[in-house]
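Okay, so here's the structure we're looking at.
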Amino acid sequence: MNDESRAASARRAGVAVLLLLAALVLVAAVLPLSPAAHRAVAGGLVVACYVAFCVWTALAWRAAASPSGGPIAADALLVAYASQTGFAEQIARRSAQALQAAGLPVHLANLAEMGGSALQRFRQALFVVSTTGEGDAPDSVAGFARKTLAGELALHGMSYGVLALGDSSYQRYCAFGQSLANWLHRQGAEPMFDPILVDDGDEGALRHWQHYLNVLGASAEMEDWAAPSYQAWTLAERRLLNDGSPGGPAYHLALVAADASPADWEAGDIAEIGPRNAPDDVASLLAALGLDGAMGVDGGQSLSDALAARVLPHDEAGRAALRGLPAPALLEALPRIPHREYSIASLPADGRLELLVRQMRYPDGRLGLGSGWLTRHVRVGGKVDVRLRRNGGFHPPAPGRPLILIGNGTGMAGLRAHLKARAAAGAHRNWLLFGERTPEHDFFHRDEIQAWRGQGVLERLDLAFSRTAGWPRYVQDCLPAAAGELRAWVDDDAAIYVCGSLQGMAAGVAAELERILGRDRLDELAEQGRYRRDVY
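Each step along the sequence shown adds one to the number in the working numbering, with nothing skipped, and position 22 is 20.
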């Protein structure tokens, strides 16, 4: 059913509901009934109203839930789903709605509708697909899998992302999603990020998908679909790393678990942070609304503390809409601040969870919620909400395998954790390629990296600085001159790990690697787990 049909169905359902209710009321009014019969009719009316309301609401929701009404915009982002039980379709609809709410043109479609040349209309596409049975496509897209995925289709110029739903208890876990991703790449499309695998509805993986929706333009204040279960950590250190840089301030942060219980993670894992508003922003809203922040809400929590974790309005119109609301209604009206993700820059053996965070700002100059909280508003010694999330797709390779690490900016955090793990394992066949703005201010963790170079932990180091003459401009510009050695490392079974910016860096590095190694070789590395990316 297309979007026009859904809307028409909802309108017809609405008319039918009104006619049904009018008929029932008329019958109840004209028939001579006993009091007991009147009560029975009244009860029947209530049930009929409820059932009719549910049908009308469901049809109206389906009409409203499809954000692709009318002709497909030339620059529309495709959100396609392949669903067996309805879960993939639900996630696809929520994804499409989140992107459309930010003003992006979106076309939502069943993947079964994308056969033939239909995919070629789109420059950007997101796929939310389930695997059923032992690696099979959902029944609804069996024809697409049989006809389209078995053939060739020029998709040069398309960039894509895949969310693969599956169950790891099956041998061919998420096989259809991974097959789709591999086919798209073979047709010339470029992955924006590595496929995200969701094991039996894993909430952490779904939050990671939300993170990429934010990167693609959805609101960074979109409430988490499933809120992380945070633990309290203490901010032990905050240190500015790039004083005088032409870029935004970047900070080294160290946190320790507040309850002293052992925390476990691996290089490549992610820290999900629960940001909070600046105390001054909370106090300003309370004053504007004439409310006492000390009043108890939510099981004894103060109103001030509850508001600290909500997305607050920063304009007079937003505040005016909240005036007069009692505290419970006020909290209900304000969404919870969604989590922020940061690559972990340390190992459990360090005794601290270390991050590398750059201050981000909204267009109006306000500090970003996540970076503002961590780099300015929470005091050293204060509590930070943290949840550690396993990121198995970026875990270290075997110590005996050579490792090429490529990244830029605060992606140094993920690269640093891997170098720490390699040093601890005695694995010294490592090559780091890193890019930033200036060598004087932006060579993050310079002393440590140079020490690794001197100790032989780093066999080769290549650097790029975009604001300083005499250096390669971007990290991908280091690769052409090193093409021969790169091929030799790959021939020697090396893995390539990339960490840093999704926009610009990741695509630039992928293009150079493809030029040097060839698309088929790069696909082979990805399928073998030897080409992995953690980009944002």
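Beta carbons are placed, not taken as given, at the ideal position from N, Cα and C, and that holds for glycine.
>> Please identify the residue among Leu253, Gly322, Ala224 and Ser227 whose C-alpha is closest to the C-alpha of Arg237.
In response: Leu253
> Between Thr83 and Asp198, what straight-line distance do the alpha-carbon atoms span, to the nearest angstrom?
Replying inline: 12 Å
>> Could you give the first and the last residue of the continuous alpha helix (DSSP H) run that contains Arg359?
In response: No alpha helix (DSSP H) holds Arg359; DSSP gives it neither H nor E.
>> Rounding to the nearest angstrom, what Cα-Cα distance links His206 and Pro333 in this structure?
In response: 19 Å
> Apart from the five residues on each side of it in sequence, which residues of its chain come closer than 8 Å, Cβ to Cβ, to Gly398?
Replying inline: Ala425
> Mind checking whether Val139 and Ala179 have CB atoms under 8 Å apart?
Replying inline: Remark: C-beta atoms of Val139 and Ala179 do not approach each other more closely than 8 Å.
> In three-state DSSP terms, what is Leu102?
Replying inline: coil
>> Considering Cα atoms alone, identify which of Arg374, Pro470 and Ala315 is closest to Met358.
In response: Nearest C-alpha to Met358: Arg374.
> Asp290 to Asp313, Cα distance in whole Å?
Replying inline: When the Cα atoms are used, Asp290 and Asp313 turn out to be separated by approximately 20 Å.
>> Let me make sure I understand the geometry here. Which of Pro311, Ala256, Ala292 and Ala173 has the alpha-carbon closest to that of Leu535?
In response: In the structure displayed, the chain extends from -1 to 534; residue 535 sits before or after that span and is not available.
>> Given a cut-off of 8 Å on the beta-carbon distance, is the pair Trp371 and Arg519 in contact?
In response: no
> Counting along the chain, where does the alpha helix (DSSP H) carrying Asn212 start and finish?
Replying inline: Bounds of the alpha helix (DSSP H) holding Asn212 are Glu201 to Val213.
> Can the beta-carbon of Ala269 be found closer than 8 Å to that of Leu354?
Replying inline: no
>> For the stretch 148 to 163 against the stretch 125 to 135, do three or more pairs of beta-carbon atoms, one drawn from each stretch, fall closer than 8 Å, so that the two count as touching?
In response: The stretch 148 to 163, when compared against the stretch 125 to 135, does touch it at the 8 Å Cβ threshold.
> To which residues of the same chain is Gly141 closer than 8 Å at the C-beta, ignoring the five residues directly before and after it?
Replying inline: Around Gly141: Ala110 and Gly113.
> Can you tell which of Asp491, Arg528, Asp475 and Leu417 has the C-alpha that lies nearest to the C-alpha of Ala505?
Replying inline: Asp475
>> Along the chain, where does the beta strand (DSSP E) containing Phe463 start, and where does it finish?
In response: Arg458 to Phe463
> Once you ignore the five residues that flank Pro65 on each side, which residues in its own chain have a CB closer than 7 Å to its CB?
Replying inline: Residue confidence for Pro65 is low, a pLDDT of 47 falling below 50, so the modelled location carries little weight and cannot support an answer.
>> Mapping the DSSP letters down to three states, classify Phe142 as helix, strand or coil.
In response: helix
> Roughly how many angstroms lie between the CA atoms of Tyr168 and Pro136, to the nearest whole one?
Replying inline: 15 Å
> Which residues in the same chain have their Cβ closer than 7 Å to the Cβ of Trp181, if we skip the five residues on either side of it in sequence?
Replying inline: Leu147
> Count the other CB atoms within 10 Å of the CB of Gln208; is the residue buried (16 or more) or exposed (fewer)?
Replying inline: buried
>> Please report the straight-line C-alpha distance between Asp279 and Ala509, rounded to a whole angstrom.
In response: 44 Å
>> Do Cys497 and Gly390 count as a contact pair if the criterion is CB distance below 8 Å?
In response: For Gly390 and Cys497, no; Cβs fall outside 8 Å.
> Per DSSP, which one or two residues make a beta bridge with Val160?
Replying inline: Phe125
> Across which residues does DSSP place Val295 in a beta bridge pair?
Replying inline: In DSSP, Val295 forms a bridge with Gln299.
>> With H, G and I counted as helix, E and B as strand and the rest as coil, what does DSSP make of Leu386?
In response: strand
>> Am I right that Pro394 and Ala265 are in contact with their C-beta atoms under 8 Å? What's the rounded C-beta distance?
In response: 5 Å
> If we ignore side chains and look at the alpha-carbon of each, how far apart do Glu512 and Glu446 end up?
Replying inline: Taking the CA atoms as reference points, Glu512 sits about 31 Å from Glu446.
> Assuming Gly215 and Leu117 make a contact with CB atoms under 8 Å, what is their CB distance in whole Å?
Replying inline: The pair is not a contact, with the Cβ atoms about 21 Å apart (cut-off 8 Å).
>> I'd like the span of the alpha helix (DSSP H) that includes Asn180, first residue to last.
In response: Per DSSP, Asn180 belongs to the alpha helix (DSSP H) from Ala173 to Arg184.
> Got a sec? Which residues, its chain only, sit under 6 Å from Ala304 by beta carbon, not counting five neighbours each side?
Replying inline: Closer than 6 Å at Cβ, skipping near neighbours: Val295, Asp296 and Leu329.
> Taking the alpha helix (DSSP H) that His250 falls in, what are its first and last residues?
Replying inline: Here His250 belongs to no alpha helix (DSSP H); instead the beta strand (DSSP E) covers Ala248 to Ala255.
>> Considering Cα atoms alone, identify which of Ala255, Ala256, Pro324 and Gly272 is closest to Gly288.
In response: It is Pro324 whose Cα lies nearest to the Cα of Gly288.
>> In the DSSP assignment, the alpha helix (DSSP H) including Trp469 goes from what residue to what residue?
In response: Counted as a single uninterrupted DSSP element, the stretch harbouring Trp469 is not any alpha helix (DSSP H), since DSSP gives it neither H nor E.
> Exposed or buried, which one is Ser115 when buried takes at least 16 other CB atoms within 10 Å?
Replying inline: exposed
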